[in-house]
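K.L.:
To start, I am sharing the structure in question, which I have written as structure tokens.
Residue numbers (full-length UniProt numbering): 1 to 302.
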């Protein structure tokens with residue numbers, strides 16, 4: 001088995017057996033392709049079935065010169081998954097990544113915006129243009145529903161259940177969930193639909209997509225990033241923000257206001273509660289206040 005065939009088979013496995021999205025498939029493939037490029041550039045003739053731990057270690061030393069610890073850890077994790085697949089299919093008996101340690105990295109806490117920051121960003125949107133009404137509805141949806149950028153761009157008109165107060169979101173691995181949507185967000189989406197989108201001729205295959213560009217096609221992830229960056233520049237916001245910042249802020253503000261962590265997990269579409277627990281950092285002082293106010297050992301409670 002050569003690298004091309006192994007990578008192709010691995011892609012089929014990830015898509016069919018694991019149900020991963022196209023973006024996830026691309027990321028996993030890139031990790032393996034980095035190793036293949038290293039082998040080619042050093043004229044190392046080893047197949048996926050014969051490559052040794054020593055060769056992989058050389059690759060690790062090489063990438064350590066160019067990427068940070070977090071990126072290294074992600075690449076190594078991707079390679080472990082690839083070789084575990086080969087073991088699972090009985091192509092190999094061992095994983096050459098087994099004795100290779102990932103670099104130690106701290107857990108990165110998500111950046112967040114205050115409610116005031118978000119209000120300023122939305123208020124800065126130029127509503128004199130058709131794109132302005134669309135952008136206001138998109139930013140409000142990102143924040144009020146805690147969506148990933150890919151979930152926002154893929155949102156369909158048929159996913160809107162406003163009478164019930166929900167939208168249907170298709171997340172990672174094509175897993176679907178229902179997320180509550182606030183009346184104010186519904187209002188802004190309806191304004192965009194009735195005043196702007198109705199005049200856009202949707203291209204074939206994009207008729208049901210909610211947010212369209214001027215040519216009637218689904219917006220790209222890159223376009224959403226650009227819109228957010230320009231808003232930050234317009235308002236003079238010094239924080240380095242992205243569409244994901246609104247998702248982080250959604251979860252953080254819910255937690256600060258007393259929402260249950262399990263409920264936040266469901267709304268974010270996290271498979272594991274551990275992923276959601278990163279938001280527990282947001283306000284340690286608030287946790288201390290809760291203990292001070294409610295714990296029976298507090299002198300004020302006695």
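Just so it is clear, CB atoms sit at the ideal spot from N, CA and C, and this is done for glycine as well.
1. Tell me the rounded alpha-carbon separation between residue 56 and residue 100.
2. Between residue 142 and residue 246, is the Cβ-Cβ spacing less than 7 Å?
3. Closest to residue 113 by CA distance: which of 250, 215, 259, 262 is it?
4. For residue 231 versus residue 121, is the C-beta distance shorter than 7 Å?
5. Identify every residue that forms a DSSP beta bridge with residue 176.
6. Residue 241 by DSSP, collapsed to three states: which one?
7. When you compare the CB positions of residue 83 and residue 95, do they come within less than 7 Å of one another, or not?
8. With a cut-off of 8 Å on the beta carbons, I'd call residue 38 and residue 59 a contact; round off their distance for me.
9. Can you tell me whether DSSP reads residue 218 as helix, strand or coil?
10. Considering only DSSP beta bridges, list what residue 161 is partnered with.
11. Below 8 Å CB to CB, which residues in the same chain sit around residue 213 once its five sequence neighbours on both sides are set aside?
12. Can you tell me whether residue 122 is helix, strand or coil according to DSSP?
13. Taking 8 Å as the limit between beta carbons, can you name the residues of its chain near residue 171, skipping five residues before and five after?
14. Tell me the rounded alpha-carbon separation between residue 21 and residue 199.
15. Going by other Cβ atoms of all chains shown within 10 Å of its Cβ, with 16 needed for buried, is residue 19 buried or exposed?
16. When DSSP labels each residue in this structure, what does residue 142 get in the three-state scheme?
17. What does residue 212 pair with, by DSSP beta-bridge criteria?
P.N.:
Looking at the coordinates:
1. On the chain shown, position 56 is the one that residue 56 refers to. On the chain shown, position 100 is the one that residue 100 refers to. Those two C-alpha atoms are separated by around 9 Å.
2. Within the chain shown, numbered from 1, the residue matching residue 142 stands at position 142. Within the chain shown, numbered from 1, the residue matching residue 246 stands at position 246. A contact, by the Cβ cut-off of 7 Å.
3. Your numbering for residue 113 matches position 113 in the chain shown. With distances taken between Cα atoms, residue 113 lies closest to 250.
4. Within the chain shown, the letter at position 231 stands for residue 231. Within the chain shown, the letter at position 121 stands for residue 121. In this structure, residue 121 lies closer than 7 Å to residue 231 by Cβ.
5. Numbered from 1 along the chain shown, position 176 holds the residue referred to as residue 176. Its beta-bridge partners are 170.
6. Position 241 of the chain shown, counting from 1, holds the residue named residue 241. In the structure shown, residue 241 sits in coil (DSSP, three-state: anything other than H, G, I, E or B).
7. For the purposes of this step, residue 83 is taken as residue 83 along the chain shown, with counting starting at 1. For the purposes of this step, residue 95 is taken as residue 95 along the chain shown, with counting starting at 1. Yes, they are a contact pair.
8. As a working mapping, residue 38 is identified with position 38 in the chain shown. As a working mapping, residue 59 is identified with position 59 in the chain shown. Their Cβ separation, rounded to whole angstroms, is 5 Å, which keeps residue 38 and residue 59 in contact under 8 Å.
9. The count along the chain shown starts at 1 and reaches residue 218 at position 218. If DSSP states are grouped into helix, strand and coil, residue 218 belongs with the strands.
10. Taking the first residue of the chain shown as position 1, residue 161 is located at position 161. In the DSSP assignment, residue 161 is bridged to 166.
11. Numbered from 1 along the chain shown, position 213 holds the residue referred to as residue 213. Cβ neighbours of residue 213 beyond the five flanking positions: 219, 223.
12. What you label residue 122 is simply residue 122 of the chain shown in a count that begins at 1. Assigned with DSSP and collapsed to three states, residue 122 falls in helix.
13. Within the chain shown, residue 171 is the residue found at index 171, counting from 1. 148, 151, 177, 269.
14. Numbered from 1 along the chain shown, position 21 holds the residue referred to as residue 21. Numbered from 1 along the chain shown, position 199 holds the residue referred to as residue 199. Approximately 32 Å, taken between the alpha carbons.
15. By one-based count along the chain shown, residue 19 stands at place 19. Classification of residue 19: exposed, given that the 10 Å Cβ count is below 16.
16. As a working note, residue 142 is residue 142 in the chain shown. In the three-state scheme derived from DSSP, where H, G and I count as helix and E and B as strand, residue 142 is classed as helix.
17. As a first step, residue 212 must be located in the chain shown, where it is residue number 212. For residue 212, which the question treats as bridged, DSSP gives the partners 218.
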